[in-house]
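Engineer: Dropping a structure here in structure tokens format, bear with me for questions.
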Amino acid sequence: MVFEQSWRWYGPHDPVNLQAIKQAGANGIVTALHHIPVGEVWSMEEIEKRKALLAQSNEKDAFPLHWNVVESLPVHEHIKQGKEDRDALIENYKQSLRHLAACGITRVCYNFMPVLDWLRTNVHYKLADGSTALLHDLEDLIIFDLFILKRAHAEADYDAELVAKAKERYPRMPEKELARLEESLLMALPGDKKGFTLKKLRKGLQDYNRISAEQLRENLVYFLKEVVPVAEEVGVNLAIHPDDPPWPVLGLPRVVSTAADLDHLFEKVPSTANGLTFCSGSFGASEENDLPGIIRKYYDRIHFVHLRSVQREGNSRFYEANHLEGSAEMYKLVRTFYECQKGQKAAPIPMRPDHGHQMLDDLEKTTYPGYSAIGRLRGLAELRGLEMGIVHSL
Ligand code: CS2
Ligand code: MN
1432 MVFEQSWRWY
1442 GPHDPVNLQA
1452 IKQAGANGIV
1462 TALHHIPVGE
1472 VWSMEEIEKR
1482 KALLAQSNEK
1492 DAFPLHWNVV
1502 ESLPVHEHIK
1512 QGKEDRDALI
1522 ENYKQSLRHL
1532 AACGITRVCY
1542 NFMPVLDWLR
1552 TNVHYKLADG
1562 STALLHDLED
1572 LIIFDLFILK
1582 RAHAEADYDA
1592 ELVAKAKERY
1602 PRMPEKELAR
1612 LEESLLMALP
1622 GDKKGFTLKK
1632 LRKGLQDYNR
1642 ISAEQLRENL
1652 VYFLKEVVPV
1662 AEEVGVNLAI
1672 HPDDPPWPVL
1682 GLPRVVSTAA
1692 DLDHLFEKVP
1702 STANGLTFCS
1712 GSFGASEEND
1722 LPGIIRKYYD
1732 RIHFVHLRSV
1742 QREGNSRFYE
1752 ANHLEGSAEM
1762 YKLVRTFYEC
1772 QKGQKAAPIP
1782 MRPDHGHQML
1792 DDLEKTTYPG
1802 YSAIGRLRGL
1812 AELRGLEMGI
1822 VHSL
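Right under this line is the structure:
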């Protein structure tokens, strides 16, 4: 098969347990040690503890779960900013890679987005069928930026027409809608218990005031030149996750958004241990990204795949669509992976449905946005069927 069916598990506190994951039909577990503060070394003891949880669930099981990808081994902000203490933090990162390899875990996803990870303006966007999805709407983001964060000078960063619309709409927005906007934007990503406050976000943005995209790119290359040789030596494949959305947000630079960004990275550090997480939802939010082209060009360094579709609505708005609908053209993507793999005798690449809609019984539950069970189960089932159809018909 093209892919190894995988599922993100946030660890023992994840409301979706290992049993449920087995029922969904995945056996690759994508997980991370979220309880270890960013920048600290992941000890072998902690890694083994996580592995033991999987082993426990496998007793007498013909379909064992195994930890196939780390998502994420996060990069400390001081490394991204190129601060004085970055070398010490990079040494810790290397040590974590060594420990992971020694425990048999050799694929590591991470990202280099400053301050924020994915950014959505509504994490409960209601679709016509009653399920909810994650939405990114630039006009709403402008309202948040100008009137909630109160960065008056930010106006210049945006399209004047959208700013005018935002200014016109803001005074008429009900309190509830503003509260939802703020909540969505300060969303703690699952696993990150600390979350954001307006104060913390303002401080985070300030830290990047004088860091240009060029500088951030240099800092990324610096980091890679340090860690990739260690990854190579111990047999780990690193897989950078693209920016989501793939453009600068709130004035923060982003440098893993386009094919040109990837060209630069892989040219500077050519080892295939310097790899990519191909995330169709992240790249696909920009019409300019040629997704099958990225797969073909960088197939040999795609170590991890996130499949998800977004429905683009013009250039300033998208929501997460069902996996086989929306703008991603999923058939083409899976077929491209199949074609690249054919004849190579390559091992299946870990793939997980990246987010799903909140639907059915999950609508009543508190779940991590994007990570409820049933929506992802639907996504995985659809993707698995698509893959099987392609494999057996070509
Ligand atoms: C994930 C990212 O939830 C998601 O969209 O794909 O948050 C991803 O885990 C990180 O960017 C990887 O470092
Ligand atoms: Mn992703």
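Taken in order, the sequence shown gives residues 1432 to 1825; the numbers are from the numbering used here. Don't be surprised by glycine CBs; every beta carbon is placed ideally from N, CA and C.
1. Quick one: is the Cβ of Asp1675 within less than 8 Å of any heavy atom of the ligand MN?
2. Which runs of the beta strand (DSSP E), 3 residues or longer, sit entirely within the region 1439-1514?
3. In whole angstroms, what separates the C-alpha of Asp1675 from that of Asp1721?
4. Could you check which residue in Phe1578, Ala1486, Leu1593, Ser1562 has the C-alpha nearest to that of Asn1746?
5. When we look at the beta-carbon of Ser1562 and count the other beta-carbons within 10 Å, is it buried (16 or more) or exposed?
6. Would you identify the three-state DSSP class for Cys1771, choosing helix, strand or coil?
7. Quick check on Gln1789: buried or exposed, where buried means 16 or more other Cβ atoms within 10 Å of its Cβ?
8. How would the residue list near the ligand MN read, in chain order, if you kept each one whose beta-carbon is closer than 5 Å to any heavy atom?
9. How many whole angstroms separate the CB atoms of Met1761 and Ser1437, which I take to be in contact at a CB cut-off of 8 Å?
10. Hey, quick one: how far does the beta strand (DSSP E) through Arg1538 stretch, first residue to last?
11. Please tell me whether, using a cut-off of 8 Å, the distance from the CB of Gly1712 to the nearest non-hydrogen atom of the ligand CS2 is below it.
12. List in chain order: all unbroken alpha helix (DSSP H) runs of 4+ residues lying wholly within the region 1528-1596.
13. Mind reading off the beta-carbon distance from Tyr1541 to Val1506? Whole number of angstroms is fine, and I expect it under 8 Å.
14. So Ile1521 packs on Ile1510, CB below 8 Å; how close in whole Å?
15. On a Cα-Cα basis, can you pick out the residue from Gln1450, Asn1458, Ala1451, Arg1439 that is closest to His1465?
16. If you check the beta carbons only, do Gly1682 and Leu1636 fall under 9 Å apart?
17. Please return the same chain residues whose Cβ sits closer than 7 Å to the Cβ of Ala1670, not counting the five positions on each side in sequence.
18. Tell me the DSSP bridge mates of Glu1818?
19. If you draw a straight line from the C-alpha of Thr1767 to the C-alpha of Glu1606, how long is it?
20. Once DSSP output is grouped into helix, strand and coil, what is the label at Phe1627?
21. Check whether the region 1651-1667 touches the region 1545-1554, counting contact only when three or more Cβ pairs, one atom from each stretch, lie closer than 8 Å.
22. With a Cβ-Cβ cutoff of 9 Å, do Ile1579 and Ala1597 count as a contact?
23. Could you compute how far the alpha carbon of Glu1477 sits from the alpha carbon of Ile1452?
24. With burial defined as no fewer than 16 other Cβ atoms inside 10 Å of the residue's Cβ, what is the status of His1530: buried or exposed?
25. From Arg1691 to Lys1634, what does the alpha carbon distance come to, in whole angstroms?
26. Can you name the start and end residues of the alpha helix (DSSP H) that Glu1614 belongs to?
27. Just to confirm, does Met1544 get its C-beta within under 8 Å of one of the non-hydrogen atoms of the ligand CS2?
28. Could you spell out where the beta strand (DSSP E) holding Ile1733 opens and where it closes?
29. In this structure, what does DSSP give as the bridge partners for Asn1668?
30. What did DSSP end up calling Pro1377 once you bin it into helix, strand or coil?
Structural biologist: Here's the rundown:
1. Within the sequence shown, the letter at position 244 stands for residue 1675. Yes, Cβ of Asp1675 sits closer than 8 Å to a heavy atom of the ligand MN.
2. 1459-1462, 1497-1502
3. Numbered from 1 along the sequence shown, position 244 holds the residue referred to as residue 1675. Numbered from 1 along the sequence shown, position 290 holds the residue referred to as residue 1721. Approximately 16 Å, taken between the alpha carbons.
4. To locate residue 1746, count along the sequence shown from 1; it is residue 315. It is Leu1593 whose Cα lies nearest to the Cα of Asn1746.
5. The residue you call residue 1562 lines up with position 131 of the sequence shown. Classification of Ser1562: buried, given that the 10 Å Cβ count is 16 or more.
6. Taking the first residue of the sequence shown as position 1, residue 1771 is located at position 340. Helix.
7. Mapped onto the sequence shown, residue 1789 falls at position 358. Gln1789 sits buried, since 16 or more C-beta atoms from the chains shown fall within 10 Å of its C-beta.
8. Per the Cβ criterion, the list is Cys1710, His1737, Asp1785.
9. Locating residue 1761 in the sequence shown gives position 330, counting from the first residue. Locating residue 1437 in the sequence shown gives position 6, counting from the first residue. 17 Å between Cβ atoms; not a contact.
10. Taking the sequence shown and counting its residues from 1, one reaches residue 1538 at position 107. Unbroken beta strand (DSSP E) run through Arg1538: 1538-1542.
11. Your numbering for residue 1712 matches position 281 in the sequence shown. The answer is yes for Gly1712.
12. DSSP runs (the alpha helix (DSSP H)) wholly in the region 1528-1596: 1569-1574.
13. For the purposes of this step, residue 1541 is taken as residue 110 along the sequence shown, with counting starting at 1. For the purposes of this step, residue 1506 is taken as residue 75 along the sequence shown, with counting starting at 1. The pair is a contact, with the Cβ atoms about 6 Å apart (cut-off 8 Å).
14. By 1-based counting over the sequence shown, the position of residue 1521 is 90. By 1-based counting over the sequence shown, the position of residue 1510 is 79. Ile1521 to Ile1510, Cβ: 6 Å. Contact.
15. Residue 1465 sits at position 34 when you count from the first residue of the sequence shown. Comparing Cα positions, the closest option is Arg1439.
16. In the sequence shown, residue 1682 corresponds to position 251, counting from 1. In the sequence shown, residue 1636 corresponds to position 205, counting from 1. It is a contact, given that the beta carbons lie within the stated cut-off.
17. Residue mapping note: residue 1670 aligns to position 239 of the sequence shown, counting from 1. Same-chain partners within the cutoff: Arg1538, Val1539, Cys1540, Gly1706, Leu1707, Thr1708, His1734, Phe1735.
18. Position 387 of the sequence shown, counted from the first residue, corresponds to residue 1818. Per DSSP, none; premise fails for Glu1818.
19. Within the sequence shown, the letter at position 336 stands for residue 1767. Within the sequence shown, the letter at position 175 stands for residue 1606. So the alpha carbons of these two residues sit roughly 46 Å apart.
20. Here residue 1627 is taken as the residue at index 196 of the sequence shown, counted from 1. Three-state result, Phe1627: coil.
21. no
22. On the sequence shown, residue 1579 is found 148 positions in, with the first residue counted as 1. On the sequence shown, residue 1597 is found 166 positions in, with the first residue counted as 1. No, these two residues do not count as a Cβ contact at 9 Å.
23. Walking along the sequence shown from the start, residue 1477 turns up at place 46. Walking along the sequence shown from the start, residue 1452 turns up at place 21. Cα to Cα, Glu1477 sits roughly 22 Å from Ile1452.
24. Translated into the one-based positions of the sequence shown, residue 1530 becomes position 99. Flag for His1530 reads buried.
25. Translated into positions along the sequence shown, residue 1691 becomes position 260. Translated into positions along the sequence shown, residue 1634 becomes position 203. Correcting the residue identity first, residue 1691 is Ala in this sequence and not Arg. Whole-angstrom Cα-Cα distance: 30 Å.
26. Here residue 1614 corresponds to residue number 183 of the sequence shown, with the count starting at 1. Run containing Glu1614: 1606-1616, per the alpha helix (DSSP H) assignment.
27. For this step, residue 1544 is matched to residue 113 along the sequence shown. Yes, Cβ of Met1544 sits closer than 8 Å to a heavy atom of the ligand CS2.
28. As a working note, residue 1733 is residue 302 in the sequence shown. 1733-1738 is the span of the beta strand (DSSP E), which, as asked, contains Ile1733.
29. Taking the sequence shown and counting its residues from 1, one reaches residue 1668 at position 237. Asn1668 is bridged to Arg1538.
30. Residue 1377 lies beyond the residue range present for the chain, which begins at 1432 and ends at 1825; the question has no answer from this structure.
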